[in-house]
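Structure record follows, encoded as structure tokens.
In UniProt numbering, the protein residues as written are 1 to 574.
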């Protein structure tokens with residue numbers, strides 16, 4: 001069994017046959033115990049609060065590795081060995097932080113100075129203990145802070161890693177070095193938050209762990225065809241009903257048989273019509289309506305048309321019904337004879353301040369073969385590294401996380417979504433503002449971006465805003481890797497860059513990670529159950545617009561009163 005598997009308890013293994021009530025089961029006190037500290041001594045003490053702060057460099061780590069290390073750091077306390085009697089040794093808490101400057105220990109799988117400097121200033125690195133992920137794994141396994149020098153990530157930093165390791169220097173009675181977190185970094189301090197337990201019977205998708213592939217995946221796929229048909233025909237309410245059913249079935253941990261139908265019929269949101277279709281599948285192994293839709297010429301045409309950027313369901317129906325178009329060849333001929341017009345995403349926007357051409361429908365048609373091709377995980381990582389290397393030449397010290405389907409564990413992605421921030425709390429917002437245009441223009445000049453679909457600047461957050469399209473600065477682009485003799489051809493890819501202020505970094509990551517239904521119910525839960533407004537921009541209290549600034553993704557869940565769900569279990573869609 002892998003290390004990740006040994007520490008991660010599958011939600012499916014915790015399921016019970018009975019249906020529990022959806023009441024809070026755990027009480028957690030959130031405090032500022034992981035506030036930053038100024039340390040003058042060359043051999044630092046663990047802060048008096050009993051917290052060792054870890055910063056995780058995500059480069060060269062898989063999504064599973066990142067989730068595993070986050071889980072280890074957030075769910076385990078360690079002891080500092082000071083005597084032969086472990087019971088009397090002081091216990092300390094591990095805490096993740098989003099800023100390497102605030103950390104006591106930096107965990108990284110990077111082993112070269114040049115690569116590490118893309119993420120951390122070298123002078124800062126010499127003031128920290130820089131260790132490999134094995135330090136965290138072994139420390140948790142032995143429940144003791146192990147000597148950092150044995151796990152130094154870079155040979156040239158071993159001496160300073162030993163000097164700055166908070167292993168044997170902890171003094172439980174020490175009065176040295178406490179400090180307060182920056183006000184902008186504080187969350188709901190000293191406030192009790194009740195966490196609601198996740199379970200497959202929950203009303204909300206954000207409380208139902210959903211794997212990438214579930215025991216009833218074929219049933220989900222057949223219902224997905226009907227859902228897509230309803231969406232293409234403009235029947236959004238009906239499509240949403242299928243979305244809900246699919247998200248419930250993705251979380252259901254047992255293979256559906258006739259004996260399970262009574263239980264499934266009690267799941268929230270599954271009505272008689274859905275039970276009828278589920279029963280049909282259980283009995284015959286197929287759903288007739290799904291097969292009929294999939295074979296229809298109309299469904300095939302509308303599905304194909306809407307793969308082109310700028311063509312939504314309404315436009316696709318018009319092309320089919322009014323203009324009589326049926327094939328992609330018809331579509332190409334139709335747009336070749338018409339002047340280019342802006343897509344609905346571009347209408348009403350400010351003029352894009354970039355030399356990169358806007359992706360028109362004819363251009364999207366030309367690129368459709370490339371854009372339809374799935375992106376393997378290795379290429380996603382390569383795209384990320386290239387983008388961040390170019391960004392480092394514009395503004396050093398930026399942090400980033402690949403989100404979307406990649407973070408949920410997909411082997412292949414339709415596009416690449418990257419959330420970017422600058423870790424400096426005081427001036428980080430100013431560091432990030434306007435960075436979208438600068439980076440897009442640089443990537444275009446370097447021949448790495450060929451088209452732009454959307455480019456927006458920061459807009460002020462508004463707790464009363466009704467749209468869930470957040471106010472973060474975004475650049476939606478078409479990207480192409482640089483020439484390389486090892487690649488047979490260069491393939492155009494969808495690349496979305498999202499720029500977040502430091503205080504919004506973790507909400508942005510949370511808001512751009514989950515599937516559509518997971519995120520929809522996350523916003524609904526925040527509104528209905530917690531009186532909060534949640535989107536990628538941040539968390540605010542609705543009654544007085546009080547903002548909260550979580551310092552980790554786990555803290556986002558804590559603020560919302562939700563039990564943690566791993567990113568790989570947020571696949572509440574087909």
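Ideal Cβ positions, reconstructed from N, Cα and C, are used throughout, including at glycine.
Next item on the list: Flag this pair as yes or no: are the beta carbons of residue 511 and residue 536 separated by less than 8 Å?
Entry: The sequence position of residue 511 within the chain shown is 511, counting from 1. The sequence position of residue 536 within the chain shown is 536, counting from 1. Yes. Within cutoff.
Item checked: Residue from 68, 477 and 543 with nearest C-alpha to residue 134 -> On the chain shown, position 134 is the one that residue 134 refers to. Checked all of 68, 477 and 543; the closest Cα to residue 134 is 68.
Next item on the list: Look up residue 299 in the DSSP assignment and say whether it is helix, strand or coil.
Entry: The count along the chain shown starts at 1 and reaches residue 299 at position 299. Note: residue 299 maps to helix in three-state DSSP.
Item checked: Segment limits, beta strand (DSSP E) that includes residue 513 -> As a first step, residue 513 is located in the chain shown; it is residue number 513 there, counting from the start. Unbroken run through residue 513: none, as it is neither H nor E.
Note to self: Between which two residues does the beta strand (DSSP E) holding residue 93 run?
What the structure shows: Walking along the chain shown from the start, residue 93 turns up at place 93. Run containing residue 93: 91 to 96, per the beta strand (DSSP E) assignment.
Check: Using the C-alpha atoms, what's the distance from residue 99 back to residue 142?
Finding: Within the chain shown, numbered from 1, the residue matching residue 142 stands at position 142. Within the chain shown, numbered from 1, the residue matching residue 99 stands at position 99. Spanning the two alpha carbons is a distance of roughly 27 Å.
Margin query: For residue 237, list the residues DSSP reports as bridge partners.
Written below: Residue mapping note: residue 237 aligns to position 237 of the chain shown, counting from 1. The partner list for residue 237 (beta bridge, DSSP) is empty, contrary to what the question assumes.
Checklist line | Residues near residue 439 by beta carbon distance below 6 Å, same chain, minus five either side | finding: Within the chain shown, the letter at position 439 stands for residue 439. Excluding positions up to five away in sequence, the list reads 391.
Check: Terminal residues of the continuous beta strand (DSSP E) containing residue 419?
Finding: Position 419 of the chain shown, counting from 1, holds the residue named residue 419. Counting along the chain, the beta strand (DSSP E) containing residue 419 begins and ends at 415 to 421.
Check: How should residue 292 be labelled, buried or exposed, when 16 other C-beta atoms within 10 angstroms of its C-beta is the threshold for buried?
Finding: For the purposes of this step, residue 292 is identified with residue 292 of the chain shown, where counting begins at 1. Its Cβ having fewer than 16 others within 10 Å, residue 292 is exposed.
Item checked: Complete alpha helix (DSSP H) runs within the region 258 to 323 (minimum length 4 residues, chain order) -> 261 to 264, 272 to 284, 288 to 295, 297 to 305 and 313 to 321
Check: Is the region 194 to 212 close to the region 265 to 277, with three or more CB pairs under 8 Å?
Finding: yes
Next item on the list: Quick one: grab the DSSP three-state call for residue 120.
Entry: Looking up residue 120 in the chain shown gives position 120. In this structure, residue 120 counts as coil in the three-state DSSP scheme.
Checklist line | Bounding residues of the alpha helix (DSSP H) (the contiguous stretch that carries residue 361) | finding: As a first step, residue 361 must be located in the chain shown, where it is residue number 361. 361 to 366 is the span of the alpha helix (DSSP H), which, as asked, contains residue 361.
Checklist line | Cβ neighbours of residue 313 in the same chain (closer than 8 Å, five flanking residues each side left out) | finding: The count along the chain shown starts at 1 and reaches residue 313 at position 313. If we look at residue 313 and ignore the five residues flanking it on each side, its Cβ neighbours are 231, 232, 233, 234, 302 and 306.
Item checked: Bounding residues of the beta strand (DSSP E) (the contiguous stretch that carries residue 535) -> Stepping through the chain shown from its first residue, residue 535 is reached at position 535. Note, residue 535: beta strand (DSSP E), 532 to 535.
Next item on the list: Please confirm whether residue 111 and residue 57 have their CB atoms less than 8 Å apart.
Entry: In the chain shown, counting from the first residue as 1, residue 111 sits at position 111. In the chain shown, counting from the first residue as 1, residue 57 sits at position 57. In this structure, residue 57 does not lie closer than 8 Å to residue 111 by Cβ.
Next item on the list: Could you tell me how far apart the beta carbons of residue 540 and residue 550 are, in whole angstroms, since I believe they sit closer than 8 Å?
Entry: Here the question's residue 540 lines up with position 540 in the chain shown. Here the question's residue 550 lines up with position 550 in the chain shown. With 8 Å as the limit, residue 540 and residue 550 do not qualify as a contact, their Cβ atoms being about 12 Å apart.
Note to self: Can you find the residues in the same chain that come closer than 7 Å, C-beta to C-beta, to residue 564, ignoring five residues on each side of it along the sequence?
What the structure shows: Counted from its first residue, the chain shown places residue 564 at position 564. Within the same chain, residue 564 has close Cβ partners 554 and 557.
Notebook entry, point to check: Thinking just about the alpha-carbon of each residue, which of 480, 287, 97 and 505 is nearest to the one in residue 74?
Noted result: Here residue 74 refers to the residue found at position 74 when the chain shown is read from its first residue. If we check each option's Cα against that of residue 74, 97 comes out closest.
Check: Pairing CB atoms from the region 309 to 328 with CB atoms from the region 355 to 367, are three or more of them under 8 Å?
Finding: yes
Item checked: Spatial neighbours of residue 220 in its chain, beta-carbon cut-off 8 Å, leaving aside the 5 residues before and after -> What you label residue 220 is simply residue 220 of the chain shown in a count that begins at 1. Closer than 8 Å at Cβ, skipping near neighbours: 214, 246, 249, 250 and 574.
Check: For residue 299 versus residue 229, is the C-beta spacing smaller than 8 Å?
Finding: On the chain shown, residue 299 is found 299 positions in, with the first residue counted as 1. On the chain shown, residue 229 is found 229 positions in, with the first residue counted as 1. Their beta carbons are under 8 Å apart, which means residue 299 touches residue 229 by this criterion.
Notebook entry, point to check: Buried or exposed: which applies to residue 41, given that a residue is buried once 16 or more other Cβ atoms fall within 10 Å of its Cβ?
Noted result: Taking the first residue of the chain shown as 1, we reach residue 41 at position 41. Model confidence at residue 41 stands at a pLDDT of 32, short of 50, so the residue's coordinates are unreliable and nothing is read from them.
Notebook entry, point to check: Looking at the structure shown, is residue 586 part of a helix, part of a strand, or coil, going by DSSP?
Noted result: Absent from the model: residue 586. The displayed extent of the chain is 1 to 574, so no value can be given.
Next item on the list: Throw me the rounded Cβ distance for the residue 93 and residue 51 pair, which I believe falls under 8 Å.
Entry: Locating residue 93 in the chain shown gives position 93, where the first residue counts as 1. Locating residue 51 in the chain shown gives position 51, where the first residue counts as 1. Correct: roughly 5 Å between the Cβ atoms.
Check: With DSSP run on the structure shown, which of helix, strand or coil describes residue 70?
Finding: As a first step, residue 70 must be located in the chain shown, where it is residue number 70. Looking at residue 70 - three-state DSSP - the assignment turns out to be helix.
Next item on the list: From the DSSP output, in three-state form, read off residue 245 for me.
Entry: In the chain shown, residue 245 corresponds to position 245, counting from 1. Three-state DSSP puts residue 245 in a helix.
Notebook entry, point to check: When you compare each of 139, 122 and 383 to residue 154 by their alpha carbons, which one comes out closest?
Noted result: On the chain shown, residue 154 is found 154 positions in, with the first residue counted as 1. Answer by Cα proximity: 122.
Margin query: Taking its Cβ as the centre, do 16 or more other Cβ atoms sit within 10 Å of residue 502, making it buried, or is it exposed?
Written below: Here residue 502 refers to the residue found at position 502 when the chain shown is read from its first residue. Residue 502 is buried by the Cβ-count criterion.
Checklist line | Backbone secondary structure at residue 403 - three-state DSSP | finding: Within the chain shown, the letter at position 403 stands for residue 403. Three-state result, residue 403: coil.
Check: Between residue 399 and the rest of its own chain, which residues show a CB-CB distance below 6 Å, the 5 nearest in sequence each way excluded?
Finding: Counted from its first residue, the chain shown places residue 399 at position 399. Same-chain partners within the cutoff: 421 and 423.
Margin query: I'd like the list of long-range same chain contacts for residue 224, defined as Cβ closer than 7 Å, with 5 residues on each side in sequence excluded.
Written below: Reading the chain shown from its first residue, position 224 is the one you call residue 224. The answer, listed in chain order, is 246 and 574.
Item checked: Cα-Cα separation between residue 527 and residue 544, rounded to whole angstroms -> By one-based count along the chain shown, residue 527 stands at place 527. By one-based count along the chain shown, residue 544 stands at place 544. Straight-line Cα distance between these residues: approximately 14 Å.
Margin query: Can you find the residues in the same chain that come closer than 7 Å, C-beta to C-beta, to residue 571, ignoring five residues on each side of it along the sequence?
Written below: In the chain shown, counting from the first residue as 1, residue 571 sits at position 571. For residue 571, where only same-chain residues beyond five positions count, the Cβ hits under 7 Å are 210, 211, 212, 250, 408 and 515.
Note to self: So the candidates are 162, 353 and 62; which of them puts its Cα closest to the Cα of residue 105?
What the structure shows: Here residue 105 corresponds to residue number 105 of the chain shown, with the count starting at 1. If we check each option's Cα against that of residue 105, 162 comes out closest.
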